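What follows is a short report on a single structure.
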Amino acid sequence: MPIKFVIFDMDGTLVDSELCSAQALCDVWPEIPMTAEAMNNEY
């Protein structure tokens with residue numbers, strides 16, 4: 001069955017994506033001197 005629509009959750013209403021995005025940022029930019037958890041708490 002083809003996909004009929006896609007829901008974009010841009011503000012964290014459906015999924016709490018803040019920690020996931022912080023982890024992704026830490027993964028692609030290893031020079032950041034903080035963990036994803038610390039980044040999530042700080043910002």
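Using the UniProt record's numbering, read the sequence shown as starting at 1 and increasing by one per residue.
In this text, a Cβ means the ideal position worked out from N, Cα and C, and glycines have one as well.
In this text, all values refer to a predicted model and were calculated from it rather than measured experimentally.
Just how far apart, CA to CA, sit residue i and residue j?
i	j	result
Asn40	Met10	16 Å
Val28	Ala22	10 Å
Cys26	Ile32	6 Å
Glu42	Pro2	41 Å
Pro30	Glu37	14 Å
From the DSSP output, in three-state form, read off residue i for me.
i	result
Glu31	coil
Met1	coil
Met39	helix
Ser21	helix
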